[in-house]
Amino acid sequence: MKRQVIVAQGTVEGLAAEDQGITVFRGVPFAQPPVGGLRWRAPQPALPWDGVLQAFDFGPTAMQPTPGASDDFYDREWGTDPAVPMSEDCLYLNIWTPALRGYGADSMVTSEKLPVMVWIYGGAYQCGGTFEKEFDGTHLAANGVVVVSVAYRLNAFGFMTHPLLHEEAVERGDGEPYANFGFLDQRAGIQWVKENIAKFGGDPENITVFGQSAGAASVLAQICSPMNHGLFQKAIMQSGAGLGHFNARQDTLEHAQANGIRLFEALGVSTLEQARAIPARTVLEAAESLPVPPDSGREDDWSMIVNWAPCVDGLFLPDQEERIVEGCKANNVDMLVGNTTNEFIASTEDGKPVHVGQLGNLTLIRKWTASGGTAPYYYHFDVAMPGDDAGAFHSSDLWFSFGSLAKCWRPFVGWHYDLARRMGLYWTNFAANGDPNGTDRDGTPLPVWDPCIGEECPAMHLCQEPGMRTDWLTETDRKAFGLWRHAVDV
């Protein structure tokens, strides 16, 4: 069944999902293709199209290391097709809405404005895409929300900058940012949603931005950007490490520009015109091959995550995120934050494990509330994933928060599906009104979820029997958090 909607750029046609109450629009352009002269430029508004845009397939994924060649564990988990189309022309979004009925041009919005959830995927800012099977928005949309997933530029295409880009921006005189293009893509996607989502039954004044890993860190960046005042109202950050671990400090503009200079040297170019004329595949290969800076001390890390990372550019991010939060300069949003139990673990000198990701989340929560922000809701996802001994590994919560367990190879059983249903309800309740609490499908109350207030910072323990816990911090974690708090305060 096909359904049509008229947006600012023209008519777009989607398909009813297997659940015909949900209509899916895939591959809707929210910006012009960032190719040619628009490579390493802020995204430009999408152009109108003629006729009906058939939004039946995902758009090409952003340029990135080839799926199937990076990590055997995660490649098996997500089952990404190594032949998936890849292109610089990647700025597309996808929409799942329960608010449309009818057929073709006679489609109509049949409900009041629904809460909107905009998804930002992770992948260390180097890889990932909206096409991944775990990101199916059908089950969340069935809870009465409009779900949108937004693509963005990655690695050297999304997070390279160069002094010549700054000079070009000064010459244009339009105040356009000249770094963090991946963040700017995300922002442009959210702006498109705000301008057009009412046509899909969504409420442009009730937008929740949510993401996981680098996607969650991206959400925090969007919260901290002064460019986003009033753009969205709520945020869910899954395994983004808060103000700690990989997200403790953003690169300086000078360091980021130095990496851009090294990339141009590797490409053998000296002007932006020359660099923009090089095929995208050649740029990607050069970006993958570029070693870490000689003075970085990170020779054992994957060079991509060292070289192509967000920076404090002075425009989108005017300062380190920690100082933005502490200075009460972040955008005022409601927060839901959490992590899995077996991710981002470091060791003390005597070999004891420290959960540095959750310490970063606690640091964010403490500083957010100290600066006057509403107390966030905090969770621990603690499921020993069936089928192997991987435990509650980084990203394992994605199957549950999206309710996409049936697409996974793992032998999930009844209680896993019960937990996924409850998590989906918590997420969509929060998107609706800033509070995850409510009722289950049978009308019984969900386990009560209290906000994270006080030194104990109660957490919702998402497991076979969900419930609040205050005893989840180990003694080693408590000691490390005390040291961590002292360090960040200094």
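Each residue of the sequence shown is one higher than the one before, counting from 0 in numbering that gives the first Met the number 0.
For every residue, glycine included, the Cβ atom is placed at its ideal position computed from N, Cα and C.
- In its chain, beyond the 5 residues on either side, Ala374, Pro375, Tyr376 have a beta carbon closer than 7 Å to the beta carbon of Pro450.
- With a cutoff of 8 Å on beta-carbon distance, Asp312 and Ala178 are scored as near each other.
- Per DSSP, Asn306 has no beta-bridge partner at all.
- Around the Cβ of Cys327, a 10 Å sphere holds fewer than 16 other Cβ atoms; the residue is exposed.
- In the DSSP annotation of this structure, the continuous segment of the beta strand (DSSP E) that includes Asp333 starts and ends at 333 to 339.
- Around the beta carbon of Thr340, a 10 Å sphere encloses 16 or more other beta carbons of the protein chains shown; the residue is thus reported as buried.
- Nearest neighbour of Asn360 by Cα position, chosen from Gly437, Ala458, Glu167, turns out to be Ala458.
- Scanning Pro290, Leu242, Asp294 for the CA closest to the CA of Glu320 turns up Leu242.
- In the displayed model, Gly200 falls within coil according to three-state DSSP, outside both helix and strand.
- In the displayed model, Ala345 falls within a strand according to three-state DSSP.
- When rounded, the separation of the alpha-carbon atoms in Lys351 and Asn432 is 40 Å.
- When beta bridges are read from the DSSP output, Val311 appears opposite Thr251.
- For the options Asp417, Met0, Met107, Val117, the alpha carbon positioned closest to that of Ile235 is the one of Val117.
- A Cβ-Cβ distance of about 6 Å is found for the pair Gly157 and Tyr151, placing them in contact under the 8 Å criterion.
- Taken in chain order, the whole beta strand (DSSP E) runs of length 3 or more contained in the segment 368 to 427 are 376 to 380.
- Between Thr137 and Asp56, the CB-CB gap reaches or exceeds 8 Å.
- Straight through space, the alpha carbons of Val355 and Ala7 are spaced by roughly 45 Å.
- Annotation for Glu320: the continuous alpha helix (DSSP H) segment containing it runs 320 to 325.
- Gln249 and Pro309 do touch by the CB rule: their CB atoms are close to 5 Å apart, below 8 Å.
- Residue burial annotation: Phe130 is buried, with at least 16 other C-beta atoms found within 10 angstroms of its C-beta.
- Between the alpha carbons of Gln190 and Ala141 lies a distance of about 24 Å.
- The three-state secondary structure of Thr438, taken from DSSP, is strand.
- Here the C-alpha atom of Gln63 lies approximately 25 Å from the C-alpha atom of Ala247.
- Around Gly101, the same chain offers Arg2, Met107 as residues with beta carbons nearer than 7 Å, after the five sequence neighbours per side are excluded.
- If you draw a straight line from the Cα of Phe263 to the Cα of Trp48, it comes to about 35 Å.
- Inclusion of Trp301 and Leu164 in the CB contact set at 8 Å is not warranted, their separation being larger than that value.
- Secondary structure of Ile235 (DSSP, three-state): strand.
- Going by DSSP, Thr281 is part of the alpha helix (DSSP H) stretching over 279 to 288.
- For Ala458, the enclosing beta strand (DSSP E) starts and ends at 458 to 461.
- Contact annotation: Gly36 and Arg280 have beta-carbon atoms that are not nearer than 8 Å.
- Take Asp476, set aside five residues on each side of it, and the residues of its chain with a beta-carbon closer than 8 Å to its own are Val353, His354, Gln357, Leu358, in chain order.
- Per DSSP, the unbroken beta strand (DSSP E) holding Thr96 starts and ends at 91 to 96.
- Between the beta-carbon of Leu113 and that of Gly188 there is about 18 Å, and that puts the pair past the 8 Å contact cut.
- Thr207 carries a strand assignment under DSSP once its states are collapsed to helix, strand and coil.
- Between the C-alpha atoms of Asp74 and Gly121 there is a straight-line separation of about 14 Å.
- Under DSSP, Leu14 takes part in a beta bridge, and its partners are Lys1, Val23.
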